[in-house]
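FYI, UniProt numbering numbers position 104 of the sequence shown as 104, with every residue one higher than the one before it.
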Amino acid sequence: MPRPSLTQLLATVTLGIGLAHSGSTQTSVKQVELSGVVRDQSGRSVIGAEIEAAGKTTLTDSSGAYSLAVVPGLTKLEVSLHHQTSFRIALDVTQDRTFDIALRENDSVTVRADENALTPDPSTQGFSRSDLLDANPGRPGVPLSIPGYPTETASGGIKAPQYFAPGVAGDHGEPIAQFFQIGGFLFQNNLTANAHGNGYADPNFVIASTVGGVLVDNAAYNARYGDHSINLAITYDVKDRLPSFVQVTTDGRDGAISAGWSPENISKRGWVAVEALFGNGFLKRAEERQQYKINASRTWEIGKHELTAYGLGYYGFSRIPGLIPINTFVPNDSIDLRQLDLTHTSLALLADHWQISEKSALTTGIYFRTYSLKLQSNFGDGLIRQSEFRTVQGGNATYSDPLGQNWLLLVGLDARRDAPRGLDLAKADDAGQFQAVTSNDLTITNVSPFVAVTGQMLPQLQVYLGLRRDQIRFGNRDNIQAANSFDAWPGTTSPKVNFTFGRADAPVLPQIALSWAKAFHANDPRIGDGSGRGDLLIPAREYQLFATKQVLGNEVRLTLAHITNSAELAKIDPDTGLQEDVGPSINRFLTFAIRRRMNRGFLQVSWSAADARDRRLGQPIPEAPRTIIDAVGGLPHRGNPEVIPRYKSQLMTNRRYTH
Numbered sequence: 001m002p003r004p005s006l007t008q009l010l011a012t013v014t015l016g017i018g019l020a021h022s023g024s025t026q027t028s029v030k031q032v033e034l035s036g037v038v039r040d041q042s043g044r045s046v047i048g049a050e051i052e053a054a055g056k057t058t059l060t061d062s063s064g065a066y067s068l069a070v071v072p073g074l075t076k077l078e079v080s081l082h083h084q085t086s087f088r089i090a091l092d093v094t095q096d097r098t099f100d101i102a103l104r105e106n107d108s109v110t111v112r113a114d115e116n117a118l119t120p121d122p123s124t125q126g127f128s129r130s131d132l133l134d135a136n137p138g139r140p141g142v143p144l145s146i147p148g149y150p151t152e153t154a155s156g157g158i159k160a161p162q163y164f165a166p167g168v169a170g171d172h173g174e175p176i177a178q179f180f181q182i183g184g185f186l187f188q189n190n191l192t193a194n195a196h197g198n199g200y201a202d203p204n205f206v207i208a209s210t211v212g213g214v215l216v217d218n219a220a221y222n223a224r225y226g227d228h229s230i231n232l233a234i235t236y237d238v239k240d241r242l243p244s245f246v247q248v249t250t251d252g253r254d255g256a257i258s259a260g261w262s263p264e265n266i267s268k269r270g271w272v273a274v275e276a277l278f279g280n281g282f283l284k285r286a287e288e289r290q291q292y293k294i295n296a297s298r299t300w301e302i303g304k305h306e307l308t309a310y311g312l313g314y315y316g317f318s319r320i321p322g323l324i325p326i327n328t329f330v331p332n333d334s335i336d337l338r339q340l341d342l343t344h345t346s347l348a349l350l351a352d353h354w355q356i357s358e359k360s361a362l363t364t365g366i367y368f369r370t371y372s373l374k375l376q377s378n379f380g381d382g383l384i385r386q387s388e389f390r391t392v393q394g395g396n397a398t399y400s401d402p403l404g405q406n407w408l409l410l411v412g413l414d415a416r417r418d419a420p421r422g423l424d425l426a427k428a429d430d431a432g433q434f435q436a437v438t439s440n441d442l443t444i445t446n447v448s449p450f451v452a453v454t455g456q457m458l459p460q461l462q463v464y465l466g467l468r469r470d471q472i473r474f475g476n477r478d479n480i481q482a483a484n485s486f487d488a489w490p491g492t493t494s495p496k497v498n499f500t501f502g503r504a505d506a507p508v509l510p511q512i513a514l515s516w517a518k519a520f521h522a523n524d525p526r527i528g529d530g531s532g533r534g535d536l537l538i539p540a541r542e543y544q545l546f547a548t549k550q551v552l553g554n555e556v557r558l559t560l561a562h563i564t565n566s567a568e569l570a571k572i573d574p575d576t577g578l579q580e581d582v583g584p585s586i587n588r589f590l591t592f593a594i595r596r597r598m599n600r601g602f603l604q605v606s607w608s609a610a611d612a613r614d615r616r617l618g619q620p621i622p623e624a625p626r627t628i629i630d631a632v633g634g635l636p637h638r639g640n641p642e643v644i645p646r647y648k649s650q651l652m653t654n655r656r657y658t659h
């Protein structure tokens, strides 16, 4: 039974069917042979890969070959490296069958029969594996570094660093969606109407060692992604198998200790991990930052069902002395030692993947989350306190089925209820006593059906068509100004279209993908309270041209995009604690990347230039990066780990970060 996970995007599968007939009579113990060869992205044999099917395990030999005798029927094939799942798929083995696997970091355009295959164009997706895990405890909150998408490092506190996309101030969250894929289920981590920013996504609660990789998808062009999926969608893949470990990391100013346990029997897919982090970041004085985490996962196989339970708990505290207004000189890192950040969250999730047949599957899941925040900040106009406690519950059902030989169908339904209570803002008076400014109880309920089809219309033309409807109820109870309370039920329809021409491995011409889509993000219903209430749904229209080609052993990628947004949220107003709407915006960007994989490692360099402006006044969007230059390389060490020398730089309006 496959786990329809983004780790499958590591693999380009070449499948050949060998027909062989047994001379023996049919009996209940008849077995057939499942065999093949495992190769890496350079075409070299992978020696010692663990192959598991029908409860039997073997290792690939010196030529990368494997062979297993299995009972005829639907079986699950799993390829693992160092006890960490790299590839998992269901096969209907009724007779001897050959299944060859080429592990790769990027997939070419192929038709696949699972939920994650129904992405607009797999060649436009980047996938980073555990070799890019960030081991710097001074930057909590981004478990994985992604080539081409550097992160902002907060100047103190436990606010999670955010990925930057060209022309997008990712610190504020609303245009960048974040997901965790657990047992084939997509859990969205964004929080609408959060004190850190509308749509803020905080992955602090995840222990980095439990993440197997991260998928960077083109968000708006995928029908599976909805709210906040405008400029980028980050999907972390949570491992279902984890070797026992103890790990200590430090950079001299910060430290982290983590440990994980899993059963010795690798067929039991489960683990428990804990982590504690302490430090002061990049500041002169002690930050008193503390974070404590526990994550756990367990997967059971019951017939054609794969049931996954996942849970976590997180507590984080920081004095955040480093929050300083731009261009303000302050000794000792702080203008107000009363600043602090206190967060705790918990999550319980249950997912089921039912492999109906080799190419048909139904994935369902439900979850319940709690989140609490107390944030005291001083932006230069006095101390403010923002606080909330919210519960989030939701679920999803996704069904995939082939339509003929070359077409696939996906239909699904997302449902979510986000209920922040006591969403309060208070400001300290001269005596240090907090006086209420705003107080709201919100209820934001999403009901979102979606459908997508993909297939080959012509031998050199791959088509993706998707449609998503998001109906969202906003309930806003204003506890101070009752006249500002309201209920609304707006909706938006988002079509997704992609045409991909050619093949990634074509000898002469590049592979080219043309995409168009609509996307949106839900607005904080408090923004514009009163007579000037703002729009609740912020739609965007997007166009993209993508091209890729292998040139002299280098993978060359070019992306041109044009995004128009009906509203753009920028920096937080210190008087209200809410983000400012700077009006309709337009973002045009170009990204050029080149990647070379060598016998002893890899090197990738990317350059992005963006022009992000307010459409009414033509002024640059505040804090949005104009130029991103990123280089990352890896050298193999021993076994699975890699040593990652890394340099990143961002050139931004009024700011420069180098880390």
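We treat Cβ as the ideally placed atom computed from N, Cα and C, and that holds for glycine. A quick note: this is a predicted structure, and the numbers were derived from the prediction, not measured.
Original post:
Should residue 381 be labelled buried (16 or more other beta-carbon atoms within 10 Å of its own) or exposed?
Top reply: That one is exposed.
**OP:** Thinking residue 222 and residue 466 are a contact (beta carbons under 8 Å), I'd like their distance in whole angstroms, please.
**Re:** 7 Å
Subject >> Contact check, residue 339 vs residue 317, beta carbons under 8 Å >> reply: In this structure, residue 317 does not lie closer than 8 Å to residue 339 by Cβ.
Original post:
Could you give the distance in angstroms between the alpha-carbon of residue 459 and the alpha-carbon of residue 516?
Top reply: 22 Å
Original post:
Roughly how many angstroms lie between the CA atoms of residue 502 and residue 552, to the nearest whole one?
Top reply: 19 Å
Subject >> residue 506 (DSSP reduced to helix, strand or coil) >> reply: Here residue 506 sits in coil by DSSP.
Subject >> Integer Cβ distance of residue 148 from residue 591, believed to fall under 8 Å >> reply: The Cβ separation is near 7 Å, so the contact holds.
Original post:
Which residue or residues does DSSP assign as beta-bridge partners of residue 76?
Top reply: 90
**OP:** Check residue 27 in the structure and name its three-state DSSP category.
**Re:** Note that residue 27 scores a pLDDT of 45, beneath 50, so its modelled location is shaky; the value from the coordinates is reported in the next line. Coil, per DSSP.
**OP:** Have a look at residue 260 and residue 413 and give me their C-alpha separation to the nearest angstrom.
**Re:** 34 Å
**OP:** Using 10 angstroms around the beta-carbon of residue 671, count the other beta-carbons present and answer buried if the total reaches 16, otherwise exposed.
**Re:** Nothing in the structure corresponds to residue 671, since the chain is present only between 1 and 659.
Subject >> Three-state class that DSSP yields for residue 448 in the structure shown >> reply: Residue state, collapsed to three classes: strand.
Original post:
With a Cβ-Cβ cutoff of 8 Å, do residue 604 and residue 616 count as a contact?
Top reply: no
**OP:** Pick helix, strand or coil for residue 50, following the three-state DSSP scheme.
**Re:** strand
**OP:** Apply the 10 Å Cβ neighbour rule to residue 426 and answer buried if 16 or more other Cβ atoms are within range, or exposed otherwise.
**Re:** buried
Subject >> Closest by C-alpha distance to residue 507, when choosing among 585, 348, 549 and 545 >> reply: 549
Original post:
chain B beta carbons: is any one of them nearer than 8 Å to that of residue 264?
Top reply: Looking at the structure shown, chain B is missing, and only one protein chain is on hand.
Original post:
Is it right to say residue 488 is buried, meaning 16 or more other beta carbons lie within 10 angstroms of its own, or is it exposed?
Top reply: exposed
Subject >> Contact under 8 Å by Cβ, residue 150 with residue 628 >> reply: yes
**OP:** Identify every residue that forms a DSSP beta bridge with residue 521.
**Re:** Secondary-structure assignment with DSSP links residue 521 through a beta bridge to 538.
Original post:
Thinking C-alpha only, which one of 279, 268 and 230 is nearest residue 254?
Top reply: Comparing Cα positions, the closest option is 279.
Original post:
Between the segment 296 to 303 and the segment 265 to 273, do at least 3 Cβ pairs fall closer than 8 Å?
Top reply: yes
**OP:** Classify residue 484 as helix, strand or coil using the three-state DSSP reduction.
**Re:** helix
Original post:
With which residues is residue 395 paired in a DSSP beta bridge?
Top reply: 366 and 415
Original post:
Going along the chain, which residues of its own chain have a beta-carbon closer than 8 Å to the beta-carbon of residue 535, five neighbours each way excluded?
Top reply: 523, 566 and 567.
**OP:** Please report the residue range of the beta strand (DSSP E) in which residue 476 lies.
**Re:** 461 to 478
**OP:** Would you mind reading off the limits of the beta strand (DSSP E) that contains residue 489?
**Re:** It is not in any beta strand (DSSP E) - residue 489 carries neither H nor E in the DSSP assignment.
Original post:
For residue 514 versus residue 545, is the C-beta spacing smaller than 8 Å?
Top reply: yes
**OP:** Pull up the DSSP beta-bridge partners for residue 187, would you.
**Re:** 180
Original post:
What residues in its chain sit with their C-beta under 8 Å from that of residue 405, if we drop five residues either side in the sequence?
Top reply: none
Subject >> Start and end residues, beta strand (DSSP E) containing residue 236 >> reply: 232 to 238
Original post:
Taking Cβ to Cβ, would you say residue 365 is nearer than 8 Å to residue 396?
Top reply: yes
Original post:
Between residue 520 and residue 494, which are expected to be in contact by the criterion C-beta below 8 Å, what is the C-beta distance as a whole number of angstroms?
Top reply: Their Cβ separation, rounded to whole angstroms, is 7 Å, which keeps residue 520 and residue 494 in contact under 8 Å.
Original post:
Taking Cβ to Cβ, would you say residue 512 is nearer than 8 Å to residue 351?
Top reply: no
**OP:** Sort out for me which residues DSSP pairs residue 560 with in a bridge.
**Re:** 545 and 590
**OP:** Would you identify the three-state DSSP class for residue 334, choosing helix, strand or coil?
**Re:** coil
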